Structures are given as structure tokens and as C-alpha cells.
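Note that the protein sequences, when read in sequence, are chains X and C.
Anchor point for the first sequence: position 114 equals 113 in the numbering used here, and the numbering is continuous, going up by one each time.
Every position in the second sequence, counted from 1, becomes a number in the numbering used here once 138 is added.
For every residue, glycine included, the Cβ atom is placed at its ideal position computed from N, Cα and C.
Here the structure is a predicted model, which is why all the values come from computation and not from measurement.
Let me begin by presenting the structure, written as C-alpha cells, before commenting on it.
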Amino acid sequence: MSSTQQALGFGRPMPVSQSRRPPWRFRVQGSDSTWAIAFVIPYVAVFAAFVIYPVVYGLWMGSDPVLYGVLFSDPLYLTTAINTLLFVAIGVNVKMFLAFLLSGYFMSRSWWIRSLLAIYLIPWALPALVVFTSIHFMLVTQWGLLDSLWRAVTGQDGPLFLTHEWIAMGANIVSYIWKWMPFWTLIFLAARMAIPQDIYEAAEIDGATGYRRMVYVTFPLLANVYLICTLLSTVWTLGDFPTVYFVSSGAPARLTDVLATYGFREAFDFGYPRQGVAAMLSALPILIPLVILLMRRVRASGVQL
Amino acid sequence: MSATTAGRRAGSSLHSVLYYRLHHYAVEAISIVFGLILAVWSITPIYNMWMIALESHDGVFSGSIWPEHPTLQSFVVVVTQDFWYLENFWHQFGNSFYVGLTVMFLTLLIGSLASFTVGRLRLRNGWMLTNAALMTYVIPASFLAIPFYRIMQIYGLSNNLWSVIAALTTFATPYAIFIFSQYGKSIPMELDESARIDGANPLQIYVRIYLPLMAPALVAVGTYALLLAWNEYLYNFLLLSTPESMTVAVALAQFLNSDESPWNFMMATAIIYALPPIILYYGFRRYMAAGLTMGGVKG
Numbered sequence: 000m001s002s003t004q005q006a007l008g009f010g011r012p013m014p015v016s017q018s019r020r021p022p023w024r025f026r027v028q029g030s031d032s033t034w035a036i037a038f039v040i041p042y043v044a045v046f047a048a049f050v051i052y053p054v055v056y057g058l059w060m061g062s063d064p065v066l067y068g069v070l071f072s073d074p075l076y077l078t079t080a081i082n083t084l085l086f087v088a089i090g091v092n093v094k095m096f097l098a099f100l101l102s103g104y105f106m107s108r109s110w111w112i113r114s115l116l117a118i119y120l121i122p123w124a125l126p127a128l129v130v131f132t133s134i135h136f137m138l139v140t141q142w143g144l145l146d147s148l149w150r151a152v153t154g155q156d157g158p159l160f161l162t163h164e165w166i167a168m169g170a171n172i173v174s175y176i177w178k179w180m181p182f183w184t185l186i187f188l189a190a191r192m193a194i195p196q197d198i199y200e201a202a203e204i205d206g207a208t209g210y211r212r213m214v215y216v217t218f219p220l221l222a223n224v225y226l227i228c229t230l231l232s233t234v235w236t237l238g239d240f241p242t243v244y245f246v247s248s249g250a251p252a253r254l255t256d257v258l259a260t261y262g263f264r265e266a267f268d269f270g271y272p273r274q275g276v277a278a279m280l281s282a283l284p285i286l287i288p289l290v291i292l293l294m295r296r297v298r299a300s301g302v303q304l
Numbered sequence: 139m140s141a142t143t144a145g146r147r148a149g150s151s152l153h154s155v156l157y158y159r160l161h162h163y164a165v166e167a168i169s170i171v172f173g174l175i176l177a178v179w180s181i182t183p184i185y186n187m188w189m190i191a192l193e194s195h196d197g198v199f200s201g202s203i204w205p206e207h208p209t210l211q212s213f214v215v216v217v218t219q220d221f222w223y224l225e226n227f228w229h230q231f232g233n234s235f236y237v238g239l240t241v242m243f244l245t246l247l248i249g250s251l252a253s254f255t256v257g258r259l260r261l262r263n264g265w266m267l268t269n270a271a272l273m274t275y276v277i278p279a280s281f282l283a284i285p286f287y288r289i290m291q292i293y294g295l296s297n298n299l300w301s302v303i304a305a306l307t308t309f310a311t312p313y314a315i316f317i318f319s320q321y322g323k324s325i326p327m328e329l330d331e332s333a334r335i336d337g338a339n340p341l342q343i344y345v346r347i348y349l350p351l352m353a354p355a356l357v358a359v360g361t362y363a364l365l366l367a368w369n370e371y372l373y374n375f376l377l378l379s380t381p382e383s384m385t386v387a388v389a390l391a392q393f394l395n396s397d398e399s400p401w402n403f404m405m406a407t408a409i410i411y412a413l414p415p416i417i418l419y420y421g422f423r424r425y426m427a428a429g430l431t432m433g434g435v436k437g
């Protein structure tokens with residue numbers, strides 16, 4: 000039983016008999032399937048018109064090999080690819096690990112840690128456009144909040160964050176972690192709450208306390224959830240658009256673009272939609288194995304996302 | 139921690155009681171300091187929004203860390219639509235609500251019908267539908283943006299709110315299907331079967347039994363869909379272009395087109411735009427947190 004079912008006030012999972020078929024089901028089978036077809040038509044229609052068609056259309060747009068020749072000879076594309084890899088590898092892993100640790104912190108029952116949780120979740124509830132623009136203003140000039148703080152403390156002018164490639168990329172990654180860490184903390188918090196208390200009691204008798212409790216009890220129990228969440232987050236982050244688009248907007252000189260923003264600019268700022276599609280399709284060799292791994296993991300463990 | 143158990147074992151020894159207390163206070167102090175750091179970390183960009191919004195136009199980027207002459211003038215400008223980027227603000231606000239509520243309604247309807255069919259009517263090959271939904275769920279939405287833009291032109295929906303509604307419903311429905319299938323498993327099949335004996339057809343079972351019992355999951359997914367639609371930017375921007383058809387997100391980002399924009403107006407707009415999701419989030423926090431984590435924790 001998941002803790003969320005408890006949280007929703009829903010009791011034990013009923014032992015649903017999957018195989019038993021009551022005799023009258025055979026009689027209504029014919030009309031049943033008519034209803035069934037009528038009920039799935041809306042989703043099938045949406046899926047065909049707005050998933051299959053765009054996917055096929057996109058594959059067709061990016062099917063010309065010449066596009067990839069142009070793409071790979073663009074030095075900016077190489078920078079973009081490296082940026083994307085760094086963004087995903089550092090952003091996702093640091094975020095997940097910190098979220099895992101923080102979920103332990105938020106397990107505490109004291110009232111003020113609970114109210115802190117409400118504050119901590121605000122970044123996740125706010126629109127990405129709004130918070131990332133605010134962060135952009137903190138960094139973009141010498142008069143932003145961070146530079147003003149720097150000046151108040153040290154008496155000297157602070158760095159110009161968005162004029163240096165690596166600082167700007169770091170700002171993107173930190174902003175990304177800031178925005179999405181609360182969501183995954185919440186997921187891990189729910190997962191931790193689902194661990195029965197007796198396991199911890201038994202572990203304590205066996206001498207597993209303190210950090211040993213985390214390393215030998217909590218983490219092995221959550222390893223599967225952790226892996227699936229990390230895979231899912233990796234897939235989503237590969238296509239992350241708003242973070243880089245608003246925080247650094249590619250500055251300086253498009254050196255901090257990631258795939259999503261690069262493709263977007265090629266398509267809509269410079270008017271080469273096919274080039275943009277090709278840029279995004281170039282992520283497929285990474286995306287497809289990840290998706291297959293993720294779907295296998297989900298099937299094998301029976302976890303439903 | 140091991141020290142505390144050791145302390146407890148020693149029991150009556152005054153020294154170890156003292157040690158235990160000191161240890162307890164030290165842990166509490168570290169925890170409070172850490173909590174404060176976390177609060178500052180979470181709040182800073184939001185504080186920055188307020189600071190800029192409360193500044194007068196000349197005061198923005200004056201290099202201070204709090205507004206020196208705080209004024210609500212920017213908010214007045216936004217509410218009275220007294221700036222040329224904001225001429226249609228309330229109309230655009232209405233557009234955002236229209237898109238959000240329609241996406242919510244369609245997501246709930248399509249998602250619950252589909253998961254009812256797969257889970258309760260046991261549609262043959264229903265697994266294909268579940269797999270299709272899972273695939274849609276894991277594909278990054280931004281990768282479909284360019285073909286989507288073209289396809290909406292083919293459908294004749296460019297610069298139409300329904301193009302955004304279609305796109306966002308497509309991306310919200312898979313999540314709905316997962317939550318509903320997961321939650322539906324806890325509703326006993328016997329209810330459906332006894333209703334069948336009483337002569338109910340599947341539509342009646344869906345309306346009278348399935349939907350009422352799914353209420354908590356419907357609230358969770360409804361909140362999710364509404365927030366997704368309200369907060370989304372990329373598809374709104376691509377598919378809507380005239381001031382009359384824009385949603386607030388697109389209107390807000392217009393400020394970024396020029397370097398000379400009044401940032402205080404922009405941040406005041408941003409704060410007003412962020413109010414509905416914050417209210418929704420605090421109002422439905424319990425349901426939403428439950429919905430977002432539903433299932434994912436069973437591993």
C-alpha cells in the first residue's frame with residue numbers, strides 16, 4: 000500500500016480477482032465492447048492527431064542527411080551538445096542526490112520543519128517563466144540583487160555573471176536545481192513514508208543507527224524509486240527549454256545554449272525549422288535507450304508513474 | 139545517534155544525561171541553522187521579484203538590496219492596463235483561465251474514460267493504450283514543438299486558443315491515465331458487477347459509480363492539469379501571436395523583447411500572474427502532493 004493511498008484516505012487495496020469471470024459477463028460482452036470502443040475513441044483520436052502525426056511529421060522534417068552535415072559542421076552545435084550533457088549530468092544528479100538527503104530532513108515531525116516544507120515547495124509551484132526571469136534579473140547587470148549583495152558585503156563590484164560562459168552555465172544549472180529539487184524531494188518524502196517503521200526498529204536493534212541507517216536501510220529500499228526517478232528526470236531534462244531560455248538566454252553569444260533552445264532559435268529566430276528539428280533529433284541516440292531502459296524498469300518493478 | 143543510545147544505556151549517570159541534552163540541543167541548533175539557509179535559498183528569487191515590483195521606474199537596478207522608496211504604483215499600472223504591453227491584460231488573464239479550465243476538463247474526461255475502459259471494461263489490447271500513454275509521458279514536450287507548430291497551421295488552428303488547449307491536453311492526459319489506473323485498482327470490481335446485475339450499462343457505471351469514487355484522484359489530476367496549462371510557456375508562445383489571443387505567459391515574456399522595458403511593471407505582472415497557481419497550490423496541496431507521488435512510491 001502506498002502512503003499516498005493512505006493520505007487520500009483510501010484503505011487497503013482490495014484483492015481484485017483478475018481472472019474470475021462472472022457468467023453474465025459473457026452475455027453483455029458484445030455491447031460492452033461497443034461501449035469500450037466509444038470510451039477510448041477520444042484518447043485514440045488525441046493520440047493520433049497530436050502525438051503520432053507530429054512525431055511522424057518531425058521525423059520527416061529531419062530525414063534529410065544533408066541537415067546533419069550542416070549541423071555537425073556548426074561549431075555552436077558542438078558547444079550546445081557539450082552544454083546539454085553537462086546540464087543533464089550535473090543538474091539531474093546533484094538535484095536527485097540533494098533531494099534524497101533533504102527528504103530525510105523533512106521527515107522530522109517538528110512543526111517548524113513542516114512549515115519550512117511549505118516555503119521550500121514554492122519554487123516548484125510558481126511558473127518557470129516568472130522565477131527564471133527573476134533569476135535573470137538577479138544576474139544580468141551590475142545592479143542586480145546578487146551584485147548588490149556582493150557590493151554591500153565586500154565593497155567591490157561583483158562579477159558580471161552572464162558575460163562568462165562557465166559562470167552563466169553554472170547559473171543555469173543552479174537555477175534548474177532550485178526550481179525542480181522540491182518536486183523530487185516530495186516524491187522521495189512519500190517513498191520514505193511508505194517504509195514501515197518496524198524495519199527501522201529491527202535495524203536499530205541490529206545496531207544500524209545514524210548514517211548506517213541511511214546507507215544500509217533507507218537507500219537500498221529506495222534504490223529502485225531513485226533509479227526510476229533519475230531516468231525519468233534525465234529524459235525530461237534533455238528537452239528542458241525554459242531554464243536556459245530565460246536564465247542565461249544563451250548569453251554570452253549563444254555559448255550556453257542547450258539542445259532545446261538551440262533548436263528553437265534555429266527554427267524560429269533564424270527561420271530554419273528543419274535544422275531545428277535535426278538538432279532535436281540528434282538527441283535520439285541518447286533518448287531512445289534511456290526511454291527503453293525506463294519502460295523496462297517500470298514494467299519489471301511494477302511501479303506505475 | 140550512537141552516542142545518544144550509549145547515553146541512554148548509562149541511564150542515571152548525570153554526566154551522560156548532560157551529554158545527551160547537549161547533543162540534542164546541538165542537533166536542534168544545526169537543524170535550525172540549516173532550515174534558515176534553506177528558507178533563504180528558496181525565497182531569494184521571489185524576494186527579488188517583489189523588490190523590483192515595488193521600485194519606482196528609475197529605482198530599478200539602483201544597486202540596493204531593498205526598495206528604497208517602495209510604491210505600489212507598478213501594480214496600479216498593471217491592474218488599470220496603463221502600459222502598451224498590458225493593454226489587454228485582463229482579457230489575456232481571461233484567456234489563461236479559459237485555456238486552463240478547458241485543459242483541465244478535457245484531461246479529466248478523456249483520461250478517466252480511457253482508464254475506465256482499460257481498467258474496468260478490460261478492453262482487449264488495453265496494454266497498447268497504456269504503453270502509448272507512457273511513451274507520450276516520457277517524451278520531452280519541447281522536442282515536438284516545431285512539428286506541432288506546422289501541424290497546427292495544417293489544422294487551421296494557428297493563433298487559436300484551441301491549438302494550445304489541444305497541445306496541453308495531449309501532454310496532460312498520459313499522467314491522468316496513470317493516476318486513474320493506479321487509483322482505480324483500489325475500487326472493488328464487485329461494485330461494478332452488482333450494478334450490472336441491476337441492469338446498469340457501462341455508461342451508468344462510469345457516471346454513477348466510477349466517477350464519484352474517483353473524486354480524490356480527479357481533484358489531484360485536475361489541479362495538475364490546471365497548473366500545467368497555466369504555467370506553460372513554450373507552446374503558448376509558439377501558437378498564439380496577437381494580443382487578443384495571447385495568454386498572460388506570452389504577454390509577460392513580451393517585456394523581454396526590449397532592453398528598455400520597465401522591469402518593475404513586468405515583475406508586478408509576474409506576481410499577479412503567479413497568484414492563481416500559488417492559491418491553487420496551497421488550497422489543494424494535500425491532494426496534489428498525493429497525486430504527484432501516487433504510485434511512484436510503490437517500488
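In the structure shown, the three-state DSSP call for serine 212/C is helix.
By the neighbour-count criterion, in which 16 or more other beta carbons inside 10 Å mark a residue as buried, leucine 70/X falls on the buried side. Around the Cβ of glycine 209/X, a 10 Å sphere holds fewer than 16 other Cβ atoms; the residue is exposed. Around the beta carbon of isoleucine 335/C, a 10 Å sphere encloses fewer than 16 other beta carbons of the protein chains shown; the residue is thus reported as exposed. Using a Cβ-Cβ cut-off of 7 Å, glycine 90/X does not count as an interface residue toward chain C, since no Cβ of chain C sits closer than that to its own. Counted as a single uninterrupted DSSP element, the alpha helix (DSSP H) harbouring alanine 304/C occupies residues 299 to 322. Taking a contact to require three or more Cβ pairs closer than 8 Å, the segment 377 to 391 of chain C and the segment 223 to 241 of chain C qualify as touching. In the three-state scheme derived from DSSP, where H, G and I count as helix and E and B as strand, tryptophan 142/X is classed as coil. With its beta carbon less than 7 Å from one in chain X, alanine 270/C belongs to the interface.
About 4 Å separates the beta carbons of tyrosine 56/X and proline 285/C, which is inside the 8 Å limit, making them a contact pair. With contacts defined by Cβ atoms closer than 7 Å, isoleucine 416/C and alanine 117/X do not form a contacting pair. In this structure, the CA atom of asparagine 395/C is about 45 Å from the CA atom of asparagine 223/X. The continuous alpha helix (DSSP H) containing alanine 389/C extends over residues 386 to 392. Contacts between tryptophan 235/X and chain C, judged by CB atoms closer than 7 Å, involve Pro278 in chain order. Around the Cβ of threonine 255/X, a 10 Å sphere holds 16 or more other Cβ atoms; the residue is buried. An exposed status is given to leucine 283/X, since fewer than 16 other beta-carbon atoms sit within 10 Å of its beta-carbon. Contiguous beta strand (DSSP E) elements confined to the segment 58 to 125 of chain X do not occur, taking only those with 3 or more residues. When 8 Å is used as the limit between beta carbons, aspartate 31/X is near these residues of chain C: Leu259 and Pro340, in chain order.
Not flagged as an interface residue toward chain C: isoleucine 291/X, since no C-beta distance is shorter than 7 Å.
For alanine 167/X, no CB of chain C lies under 7 Å from its own CB, so it is not counted at the interface with that chain.
Within the segment 183 to 207 of chain X, Leu185, Ile186, Ala189, Ala190 and Ala193 place their CB atoms closer than 7 Å to a CB of chain C, listed in sequence order.
One alpha carbon belongs to alanine 127/X, the other to asparagine 369/C, and they sit about 7 Å apart. Between threonine 361/C and tyrosine 425/C, the beta carbon gap of about 6 Å places them in contact (Cβ cut-off 8 Å).
For arginine 108/X, the number of other beta carbons within 10 angstroms of its own is below 16, and it is reported as exposed.
Per DSSP, reduced to three states, the secondary structure at asparagine 402/C is helical. Going by DSSP, valine 216/X is part of no alpha helix (DSSP H) at all; its letter is neither H nor E. Counting along the chain, isoleucine 325/C sits inside no alpha helix (DSSP H), nor does DSSP assign it H or E at all.
At a beta-carbon threshold of 8 Å, none of the residues of chain X lie near arginine 159/C; the nearest stands roughly 17 Å away. The C-beta of alanine 191/C comes no closer than 7 Å to any C-beta of chain X.
Residues of the segment 409 to 422 of chain C with a Cβ closer than 9 Å to any Cβ of chain X, in chain order: Ile409, Tyr411, Ala412, Pro415, Ile416, Leu418, Tyr419 and Tyr420. The C-beta of proline 41/X comes closer than 7 Å to at least one C-beta of chain C. Around leucine 289/X, the same chain offers Leu230, Thr233 and Val234 as residues with beta carbons nearer than 7 Å, after the five sequence neighbours per side are excluded. Take serine 319/C, set aside five residues on each side of it, and the residues of its chain with a beta-carbon closer than 6 Å to its own are Ser253 and Gly257, in chain order.
For isoleucine 284/C, the enclosing alpha helix (DSSP H) begins and ends at 283 to 292.
Cα atoms of leucine 192/C and valine 215/C: separation of roughly 12 Å, rounded to the nearest angstrom.
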